[in-house]
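Residue numbers (our numbering), protein chains in the order written: chain A, 1 to 235; chain B, 1 to 445.
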């Protein structure tokens with residue numbers, strides 16, 4: 001009985017020893033890599049903060065209008081944004097390298113997946129950033145146009161333009177990632193269809209009286225009174 | 001330099017005529033009602049004042065569909081009704097050619113200048129085709145300073161209605177004067193005399209396919225002449241009366257093209273304007289006389305409504321250009337426009353600061369230029385409304401004093417412009433943020 005118990009304990013200790021022997025070195029290696037990555041990330045962040053402080057990077061992003069996409073103009077500190085991105089990129093890289101030290105099927109698959117997805121993720125981020133920038137640019141153009149033309153609710157029109165463009169960017173990004181393609185596509189079709197239907201109803205209901213009046217008086221009244229020309233010249 | 005090619009008709013004309021001492025250019029687009037009169041005035045002017053010169057009248061047309069080109073070729077000068085003291089020795093040729101490229105006045109001018117250069121013209125005059133008040137004397141006044149006075153650039157000087165030429169009066173004249181130190185009263189008048197030397201300089205440039213191709217051409221010509229040190233003068237032409245305009249014409253696009261051209265040229269010629277302070281008068285030729293002008297009705301209520309709404313909607317665009325203090329003052333004006341529209345007033349200093357701030361933002365943010373310039377429209381409309389309200393009871397001379405005061409404000413703010421121009425961190429505060437000083441622009445007249 002005691003012998004059996006002893007054997008079981010010995011086997012358990014042997015398995016523990018095997019496990020420790022198998023996983024401790026990679027774990028230590030992983031922790032070392034993580035520590036090194038953390039230190040490098042800290043160093044790079046500090047260096048980038050020093051290098052970009054006072055350069056024209058903030059100015060460039062301000063001029064290009066990208067600060068408006070990334071946050072409220074004036075609140076985005078480009079130096080911190082760049083150094084923060086580098087910091088997290090190094091940490092993630094360190095984490096992946098650390099995982100690869102275990103050399104198990106699971107960790108290998110995880111690393112491979114991330115490496116395989118990385119270009120796609122970067123492209124998706126670029127698509128979303130471009131969509132955000134374009135949405136902002138065109139919504140501003142619409143806002144100014146609507147305001148100068150005296151249209152009602154210019155800000156709502158402008159917001160609608162922005163939403164549509166950003167939504168299109170999200171659909172393209174999802175398509176690129178093969179992520180919930182049919183859901184986004186269906187939502188996009190529903191949104192566009194709904195917008196067209198809403199516009200048609202609004203126009204139909206809003207202009208019903210005008211159309212009726214026009215149809216009734218088509219034969220008796222001139223179609224449109226020309227606007228009186230002006231002799232005021234701004235130039 | 002990439003130069004636009006002359007159309008085949010123009011090339012044949014150059015081969016046939018070979019040489020012309022004077023070229024008169026008339027750009028047109030659907031001006032059948034007035035262009036005949038302009039061509040006849042040009043023919044009479046050339047025959048009467050320059051009979052010894054070979055001359056060519058060129059109509060550069062933008063594809064009119066109303067028979068403008070036919071009207072040009074059909075315009076006949078009835079010599080019997082004119083008192084000519086000199087017999088013309090050479091015939092005045094006429095040519096009507098459609099120009100190619102971007103539709104606009106600038107493209108039309110480019111073709112005229114190319115023809116003038118190819119024909120080795122000594123002087124070239126360009127006049128608008130919608131003028132009702134043009135006379136043969138205009139050509140004498142635009143060409144004589146070039147041919148006999150050794151001037152390179154002759155700008156027009158007119159009597160205009162107090163509400164006419166509001167972009168000129170509120171932005172272009174005061175800003176150009178403050179920048180380049182010369183008081184050219186009508187820098188975008190549209191009727192100019194140009195020497196062969198200056199004409200070659202214009203054709204050398206490679207920015208013809210920008211806003212210069214459209215409404216930007218007039219200020220482009222004037223700025224180059226002033227900034228590059230060409231000899232400039234003005235000629236008094238009398239009244240400027242033109243054909244009625246289409247009220248649906250896009251003011252925003254016009255403002256963008258004209259003001260955008262000024263701002264772009266400010267960047268190019270910063271070396272020229274930074275060194276100059278104050279301003280000096282420019283030679284003015286011609287006998288000055290007073291004229292009666294058509295009345296103009298202006299609806300300020302609608303203008304102020306546009307401005308009020310813009311104060312709510314365009315804030316996010318304006319903050320890109322205007323410092324906090326100026327933005328606050330503009331918002332206060334928006335409230336004033338609602339509270340007491342009858343006494344709405346934009347002080348001259350504040351207006352000058354706004355224009356300067358937009359110029360600096362235009363330089364700082366190249367990708368936002370279109371937005372900035374288009375968003376200036378409601379502010380400009382508010383300024384026009386303020387000017388109309390303020391000068392409703394004023395005579396022409398009093399109105400001119402008001403414009404003079406505005407121009408002085410621009411000159412006084414030049415140090416602010418220079419400081420803001422180089423300010424990358426937004427540290428320069430506008431003078432209006434400083435303790436208040438009494439505003440001369442509200443003086444009683």
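Just so it is clear, CB atoms sit at the ideal spot from N, CA and C, and this is done for glycine as well.
Continuous beta strand (DSSP E) stretch holding residue i: start and end
i: residue 57(B); result: 55–61
i: residue 26(B); result: 22–28
i: residue 237(B); result: 232–239
i: residue 195(B); result: 192–195
CB contact check: residue i to chain B, cutoff 8 angstroms
i: residue 20(A); result: no
i: residue 28(A); result: no
i: residue 25(A); result: no
i: residue 45(A); result: no
i: residue 51(A); result: no
i: residue 80(A); result: no
i: residue 155(A); result: yes
i: residue 131(A); result: no
i: residue 163(A); result: no
i: residue 150(A); result: yes
i: residue 144(A); result: yes
i: residue 224(A); result: Since pLDDT at residue 224(A) reaches only 47, below the 50 mark, its modelled position is unreliable, and no value is offered.
i: residue 200(A); result: no
Cβ neighbour criterion (16 or more within 10 Å) applied to residue i
i: residue 116(A); result: exposed
i: residue 364(B); result: buried
i: residue 114(B); result: buried
i: residue 448(B); result: Residue 448(B) is absent from the model: chain B starts at 1 and stops at 445.
i: residue 167(B); result: buried
i: residue 39(B); result: buried
i: residue 12(B); result: exposed
i: residue 263(B); result: buried
i: residue 23(A); result: exposed
i: residue 119(A); result: exposed
i: residue 299(B); result: exposed
i: residue 125(B); result: buried
i: residue 220(A); result: In this prediction, residue 220(A) scores a pLDDT of 48, lower than 50, which makes its location untrustworthy; no coordinate-derived value is stated.
i: residue 173(B); result: buried
i: residue 140(A); result: buried
i: residue 376(B); result: buried
i: residue 180(A); result: exposed
i: residue 241(B); result: buried
i: residue 320(B); result: buried
i: residue 206(B); result: exposed
i: residue 445(B); result: Summary for residue 445(B): the model assigns pLDDT 29, below 50, so the residue's position carries little reliability; its value from the coordinates is reported in the next sentence. Residue 445(B) should be labelled exposed.
Within-8 angstroms CB hit, residue i to chain A
i: residue 14(B); result: no
i: residue 371(B); result: yes
i: residue 35(B); result: no
i: residue 314(B); result: yes
i: residue 28(B); result: no
i: residue 10(B); result: no
i: residue 442(B); result: Its pLDDT being 42, under 50, residue 442(B) is placed unreliably in this model, and the coordinates cannot settle the point.
i: residue 375(B); result: yes
i: residue 252(B); result: yes
i: residue 445(B); result: Note that residue 445(B) scores 29 on pLDDT, short of 50, meaning its location in the model is unreliable and no value can be drawn from it.
i: residue 306(B); result: yes
i: residue 310(B); result: yes
Unbroken alpha helix (DSSP H) run spanning residue i, endpoints
i: residue 271(B); result: 270–274
i: residue 220(B); result: 217–227
i: residue 99(A); result: 78–100
i: residue 342(B); result: Note, residue 342(B): premise wrong, no alpha helix (DSSP H); not H, not E.
i: residue 36(B); result: 35–49
i: residue 8(A); result: 2–52
Taking 8 angstroms as the threshold, find out whether the region 297–310 of chain B comes into contact with the region 360–372 of chain B through three or more Cβ pairs.
no
Flag this pair as touching only if the region 331–349 of chain B and the region 262–281 of chain B have three or more C-beta atom pairs under 8 angstroms; answer yes or no.
no
Touch test, the region 79–97 of chain A against the region 43–51 of chain A, Cβ-Cβ under 8 angstroms, three pairs minimum:
yes
Flag this pair as touching only if the region 62–70 of chain B and the region 172–179 of chain B have three or more C-beta atom pairs under 8 angstroms; answer yes or no.
no
At what residue ranges does the region 82–155 of chain B contain a whole run of the alpha helix (DSSP H), taking only runs of 4 or more?
105–118, 136–147
Within the region 115–202 of chain A, note down every full alpha helix (DSSP H) run reaching 4 residues or more, in order along the chain.
154–177
What are the uninterrupted segments assigned as alpha helix (DSSP H) that are 4 or more residues long and contained completely in the region 285–328 of chain B, given in chain order?
300–313, 315–321
Contact between the region 23–36 of chain A and the region 93–101 of chain A: three or more CB pairs below 8 angstroms?
yes
Could you tell me whether the region 216–236 of chain B touches the region 197–206 of chain B, using the rule of 3 or more Cβ pairs below 8 angstroms?
yes
Tell me, please, whether the region 90–101 of chain B touches the region 128–137 of chain B by the rule of three or more beta-carbon pairs shorter than 8 angstroms.
no
Across the region 160–173 of chain A and the region 132–146 of chain A, are there enough close Cβ pairs to call them in contact, namely three or more that are closer than 8 angstroms?
yes
Would you be able to state if there are at least three C-beta pairs under 8 angstroms between the region 15–24 of chain B and the region 52–62 of chain B?
yes
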